[in-house]
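Chemist: The numbering of the sequence shown is the working numbering, which starts it at 4 and goes up by one.
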Amino acid sequence: MLESSVARNEDKPSAGADVIAAMRDLSARELAPLVHKIDAEGYYPEAVMRGYGRLGGYAAHLPADGMPDIDTAVRAMAAAGEYCLSTSFCVWCQDALGWYIFASDNEHLKETLLPRVAAGEALGGTALSNPMKSFFGIEGLRLKGKRVEGGYIVRGLLPFVSNLGDDHYFGAVFEVEEGGKRNVMAIVPCASEGLSLADNTRFVALDGTRTFAVQMRDVFVPDSSIIADPCDAYIKKIRAGFVLLQAGMAFGLIRDCINLMQQVKGPLGHVNKYLDAQPEHIAEQLAAMESAVTALCATPFETDPGYWRAVIEARLAAGEASVAAAHAAMLHCGARGYVTTGAAQRRLREAYFVAIVTPATKQLKKMLADMAH
Numbered sequence: 004m005l006e007s008s009v010a011r012n013e014d015k016p017s018a019g020a021d022v023i024a025a026m027r028d029l030s031a032r033e034l035a036p037l038v039h040k041i042d043a044e045g046y047y048p049e050a051v052m053r054g055y056g057r058l059g060g061y062a063a064h065l066p067a068d069g070m071p072d073i074d075t076a077v078r079a080m081a082a083a084g085e086y087c088l089s090t091s092f093c094v095w096c097q098d099a100l101g102w103y104i105f106a107s108d109n110e111h112l113k114e115t116l117l118p119r120v121a122a123g124e125a126l127g128g129t130a131l132s133n134p135m136k137s138f139f140g141i142e143g144l145r146l147k148g149k150r151v152e153g154g155y156i157v158r159g160l161l162p163f164v165s166n167l168g169d170d171h172y173f174g175a176v177f178e179v180e181e182g183g184k185r186n187v188m189a190i191v192p193c194a195s196e197g198l199s200l201a202d203n204t205r206f207v208a209l210d211g212t213r214t215f216a217v218q219m220r221d222v223f224v225p226d227s228s229i230i231a232d233p234c235d236a237y238i239k240k241i242r243a244g245f246v247l248l249q250a251g252m253a254f255g256l257i258r259d260c261i262n263l264m265q266q267v268k269g270p271l272g273h274v275n276k277y278l279d280a281q282p283e284h285i286a287e288q289l290a291a292m293e294s295a296v297t298a299l300c301a302t303p304f305e306t307d308p309g310y311w312r313a314v315i316e317a318r319l320a321a322g323e324a325s326v327a328a329a330h331a332a333m334l335h336c337g338a339r340g341y342v343t344t345g346a347a348q349r350r351l352r353e354a355y356f357v358a359i360v361t362p363a364t365k366q367l368k369k370m371l372a373d374m375a376h
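1) Does lysine 240 come out as helix, strand or coil in the three-state DSSP assignment?
2) Please return the same chain residues whose Cβ sits closer than 8 Å to the Cβ of leucine 116, not counting the five positions on each side in sequence.
3) So, using beta-carbon positions, are glycine 377 and tyrosine 61 closer together than 7 Å?
4) Give me the Cα-Cα distance between lysine 365 and arginine 318, rounded to the nearest whole angstrom.
5) For isoleucine 229, which three-state DSSP category applies?
6) Could you check where the alpha helix (DSSP H) with glycine 143 kicks off and where it finishes?
7) Applying the criterion that 16 or more other CB atoms from any shown protein chain within 10 Å of the CB defines a buried residue, is valine 38 buried or exposed?
8) For tyrosine 355, name the three-state secondary structure that DSSP assigns.
9) For valine 151, does the count of other Cβ atoms within 10 angstroms reach 16, so buried, or fall short, so exposed?
10) Please work out which residues of its chain come closer than 7 Å, Cβ to Cβ, to alanine 313, disregarding the five sequence neighbours upstream and downstream, and give them in chain order.
11) With DSSP run on the structure shown, which of helix, strand or coil describes leucine 271?
12) Consult DSSP for threonine 323 and reduce its assignment to one of helix, strand or coil.
13) What residue range is occupied by the uninterrupted alpha helix (DSSP H) comprising glutamate 283?
14) Can you list the alpha helix (DSSP H) stretches of 4 or more residues lying completely in the segment 62-99, in chain order?
15) Would you call the segment 352-359 and the segment 323-340 in contact, with 3 or more CB pairs under 8 Å?
16) Going by alpha carbons, who is nearest to threonine 129 out of Gln288, Val246 and Gly251?
17) In the structure shown, what three-state DSSP assignment does glutamine 218 receive?
18) Under 7 Å, do glutamate 85 and aspartate 210 count as touching if we go by C-beta distance?
19) How many angstroms separate the CA atom of alanine 122 from the CA atom of lysine 276?
20) At which residues does the beta strand (DSSP E) containing glycine 60 begin and terminate?
21) How would you label glutamate 181, buried or exposed, when you count the other beta carbons within 10 angstroms and need 16 or more for buried?
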């Protein structure tokens with residue numbers, strides 16, 4: 004079904020607006036019918052994910068030349084998120100993987116793997132949850148590396164890495180002791196010898212994201228897969244884009260929460276009007292957040308501390324607004340949203356993920372407090 008629908012788009016959209024429209028159209032036709040299966044059964048919509056790539060959904064922020072169009076990437080992700088946060092999170096994972104390679108100096112990966120990631124032919128995840136916490140003093144690095152001829156041997160366990168599969172890839176940061184303690188970042192294939200994926204956890208939402216515990220037992224990472232050694236300056240380079248891209252998840256979810264509230268205006272508007280949060284107010288807030296993020300997306304490599312602070316504030320606002328919008332949608336929908344097939348209860352469960360995925364609300368607040376001192 005997906006193949007035939009994608010085939011109808013013989014001319015691959017290139018302009019940002021066309022990509023977003025194509026993503027929304029494919030989501031409505033192919034993703035929407037799968038949403039309950041994704042939520043209830045943990046189904047991973049791989050055909051849809053690859054279809055997004057064929058439409059250019061992962062390519063806007065990975066140009067061959069010129070500035071990356073992160074704003075289009077955010078809005079394309081939101082188009083998926085209007086139907087399913089689980090899938091829009093996988094889109095973010097894919098976008099982040101491409102972002103890692105694009106922003107590196109590894110010409111080998113740029114020539115071989117990056118085009119496949121941008122086209123959805125190669126899928127993968129981020130594995131930066133632990134490093135992002137480590138770099139801000141929350142926990143230690145879980146992966147340790149040792150220099151050997153031609154690369155590194157890496158050991159350790161990452162408890163939650165998403166958008167993975169046997170033929171997928173992820174970005175990993177490991178600590179090296181020899182030659183001066185430092186952190187190194189690489190792109191790792193899930194098919195690497197000594198690497199195993201374990202599916203041991205069930206979540207209240209987002210089970211359709213292929214989230215695994217990644218065990219690395221003496222995995223050889225060749226020099227050709229290294230994207231930064233050491234990686235401290237590189238992390239500062241990619242962090243704004245990494246964080247801003249997450250806004251797409253929030254914006255899509257919030258837009259659907261507004262729609263849910265609008266849908267029950269007819270039968271319930273006479274009593275819902277007494278609720279504090281109204282869809283019109285949330286729509287105004289969403290428009291303001293989108294405008295702020297669009298402006299920040301224009302300069303993802305900006306080094307000014309004030310810019311980084313604005314990025315953190317925008318991400319914090321997106322997470323808090325997601326929970327608030329989903330809470331409001333739940334109250335507006337009432338009992339019809341409280342059944343197991345109700346969209347409102349699913350959106351509420353999904354919204355908390357936006358607030359707790361790294362960087363989580365509490366980490367963002369810590370980061371802002373640290374910057375103030």
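Idealized CB from N, CA, C, for every residue including glycine. As the structure is a computational prediction, the values presented were derived from the model and not from experiment.
Modeler: With the structure as the only source:
1) helix
2) Ile104, Ala125, Tyr172 and Ile190
3) Coverage of the chain is limited to positions 4 through 376, which leaves residue 377 absent and any answer about it impossible.
4) 12 Å
5) strand
6) Per DSSP, glycine 143 belongs to no alpha helix (DSSP H) and is neither H nor E.
7) buried
8) helix
9) exposed
10) Leu299
11) helix
12) In the sequence under discussion, the amino acid at residue 323 is glutamate, which differs from the threonine named in the question. Looking at glutamate 323 - three-state DSSP - the assignment turns out to be helix.
13) 282-300
14) 73-84
15) yes
16) Val246
17) strand
18) no
19) 46 Å
20) Where glycine 60 is concerned, there is no enclosing beta strand (DSSP E), given that its DSSP letter is neither H nor E.
21) exposed
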